[in-house]
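K.L.:
The following block contains the structure, expressed as structure tokens.
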Amino acid sequence: MANILLMGVYGEVGQSLYHALKDDNDIYAFINPDKPNHYGEINGLDLDFYKLDDMRKAVASMDIVIFHEDPIMRFARLNQGRFDTFLQLIADNLGRAAEDSTVKQIVYVSEEIIHEEVKDILTAYKTPVVRTDTKLLRYGKSLKYKNPSNRTMRSAQRAQIPEGWTLENVAKYYFKWVDTIVFGIVEIESNDDTVEITFPALDKAMLIMERDRENEEERMILLKVVGGSLLEKGAEATFEFRGLPDNKSFIMMLHDFKSRLPWQVYKMTQAPIHGLVSRIYQVEMVINNTLLEENQKNKPE
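If you read the sequence shown in numbering that gives the first Met the number 0, its first letter stands for residue 0, the second for the next number, and so on.
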């Protein structure tokens with residue numbers, strides 16, 4: 000019997016895989032404790048595949064991991080960013096985690112819409128990857144999986160790394176650039192290990208982030224959101240810059256942010272602002288990658 004990990008069993012693909020494999024294998028799958036999976040024989044993992052540490056725990060004793068889309072990937076209350084970017088993040092987590100585990104093979108399930116970047120990320124790591132030849136046809140994405148009790152926001156945007164820049168340059172320039180475009184509405188003070196965003200009029204910190212060097216890995220800059228008037232008391236959130244294996248692009252992510260503002264107010268104010276700033280920064284990276292003068296002028300020391 001092999002230990003096989005599925006991404007989830009909340010959609011057609013995961014359910015079909017479960018029924019096809021369950022008699023001869025031990026099946027594991029990521030689950031959401033608020034969403035019963037109705038399969039008593041499955042080994043449910045209450046872990047977050049968007050977090051690298053959780054992915055490592057999930058694959059630790061697996062023989063095979065099957066990578067496929069599942070509605071569980073959309074269970075956060077508010078997701079900002081393209082879905083293929085979230086898939087690329089999960090793929091990078093899996094690729095990194097599988098290298099240090101018992102995983103012998105990753106099976107990438109092809110669908111009608113092929114995500115070539117996802118396959119490229121998986122194959123950039125050492126674990127062998129097999130892609131299914133038969134592409135699955137979906138009958139539309141499921142929209143019925145809501146999680147109204149989960150008042151978290153997750154954001155992910157992919158962008159180019161300008162020619163000659165490092166991931167450190169990208170991260171340093173981000174906070175310098177945001178401080179410039181907000182026109183004095185907020186002030187941002189940053190050094191190598193701390194970022195503080197304040198409202199000058201109120202003399203109060205909105206957000207405080209601290210560099211988490213201890214948990215960083217290759218091609219990764221990790222900041223913990225540790226305080227500020229906009230963060231719900233006791234909440235844990237992270238802001239991350241993740242370089243992808245091609246060394247030409249990165250994903251900028253905000254994980255599990257819980258705002259102190261009422262949810263509807265947050266959805267209409269703070270969340271859209273963050274999303275807009277992130278999308279503009281994607282364009283800023285393109286400009287710095289294509290215009291030599293801007294590249295040299297803006298590259299942080």
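The beta-carbon is built from N, C-alpha and C at its ideal position, and this holds for glycine as well.
Remember, predicted model here, so these are calculated numbers, not experimental data.
Just list the residues that DSSP pairs tyrosine 208 with in beta bridges.
P.N.:
The sequence as given places methionine at residue 208; tyrosine does not occur at that position. Partner(s): Val194 and Val224.
K.L.:
Would you mind sorting valine 58 into buried or exposed? The rule is 16 or more other CB atoms within 10 Å of its CB.
P.N.:
Buried: at least 16 other Cβ atoms inside 10 Å.
K.L.:
Run the CB neighbour count on glutamate 216, radius 10 Å, all protein chains shown included, and call it buried at 16 or more, exposed below.
P.N.:
Exposed, by the Cβ-count rule.
K.L.:
From the DSSP output, read off the bridge partner residues of histidine 254.
P.N.:
DSSP, once it has assigned bridges, lists Thr237 as partnering histidine 254.
K.L.:
Could you spell out the range, first to last residue, of the beta strand (DSSP E) harbouring serine 154?
P.N.:
Counting along the chain, the beta strand (DSSP E) containing serine 154 begins and ends at 152-159.
K.L.:
Alpha carbon to alpha carbon, what distance is there between phenylalanine 198 and isoleucine 65?
P.N.:
Cα-Cα distance, rounded: 47 Å.
K.L.:
Mind checking whether glycine 242 and arginine 218 have CB atoms under 8 Å apart?
P.N.:
Going by C-beta atoms, glycine 242 is nearer than 8 Å to arginine 218.
K.L.:
Would you kindly check if the distance between the Cβ of serine 248 and the Cβ of glutamine 156 is under 8 Å?
P.N.:
Not in contact: glutamine 156 and serine 248 (Cβ atoms no closer than 8 Å).
K.L.:
Are there three or more Cβ pairs, one per stretch, closer than 8 Å when the stretch 92-99 is compared with the stretch 166-185?
P.N.:
Output reads no: the stretch 166-185 does not touch the stretch 92-99.
K.L.:
Hey, could you find the ends of the alpha helix (DSSP H) arginine 55 is sitting in?
P.N.:
Arginine 55 -> alpha helix (DSSP H) spans 51-58.
K.L.:
Taking DSSP as the reference, what is the three-state secondary structure of phenylalanine 66?
P.N.:
Three-state result, phenylalanine 66: strand.
K.L.:
If you measure between the beta carbons of valine 128 and threonine 122, is that distance less than 8 Å?
P.N.:
Yes, they are a contact pair.
K.L.:
If the criterion is Cβ atoms closer than 8 Å, does the pair glutamate 68 and valine 102 meet it?
P.N.:
Going by C-beta atoms, glutamate 68 is not nearer than 8 Å to valine 102.
K.L.:
Flag this pair as touching only if the stretch 181-195 and the stretch 203-212 have three or more C-beta atom pairs under 8 Å; answer yes or no.
P.N.:
The stretch 181-195, when compared against the stretch 203-212, does touch it at the 8 Å Cβ threshold.
K.L.:
To which residues does DSSP link asparagine 42 through a beta bridge?
P.N.:
Tyr27.
K.L.:
Rank Ile105, Val117 and Ile180 by C-alpha distance to the C-alpha of phenylalanine 85 and give the top, closest one.
P.N.:
Measuring from the Cα of phenylalanine 85, the nearest candidate turns out to be Val117.
K.L.:
Which residues does DSSP list as the beta-bridge partners of arginine 130?
P.N.:
Note: arginine 130 sits in a beta bridge opposite Tyr107.
K.L.:
Touching or not, the stretch 9-23 and the stretch 47-56, by the rule of three or more beta carbon pairs under 8 Å?
P.N.:
Contact fails: fewer than three Cβ-Cβ distances are below 8 Å.
K.L.:
Excluding sequence positions up to five away, which residues of its chain have a Cβ less than 6 Å from the Cβ of valine 225?
P.N.:
Excluding residues within five positions, the ones whose Cβ falls inside 6 Å are Ile207 and Glu209.
K.L.:
Quick check: methionine 72 and tyrosine 27, are their CB atoms within less than 8 Å of each other?
P.N.:
No; because the gap between Cβ atoms is not below 8 Å, this pair is not in contact.
K.L.:
Taking the C-alpha atoms as reference points, what is the distance between isoleucine 105 and threonine 131?
P.N.:
Computed Cα separation, rounded: 11 Å.
K.L.:
Quick one: does the C-beta of glutamine 156 sit closer than 7 Å to a heavy atom of the ligand MG?
P.N.:
This structure lacks the ligand MG; in fact it carries no ligand of any kind.
K.L.:
Suppose the cutoff is 7 Å on Cβ atoms and the five residues either side in sequence are ignored; what does the same chain contact list for aspartate 45 look like?
P.N.:
Here the set comprises Ile30 and Pro32.
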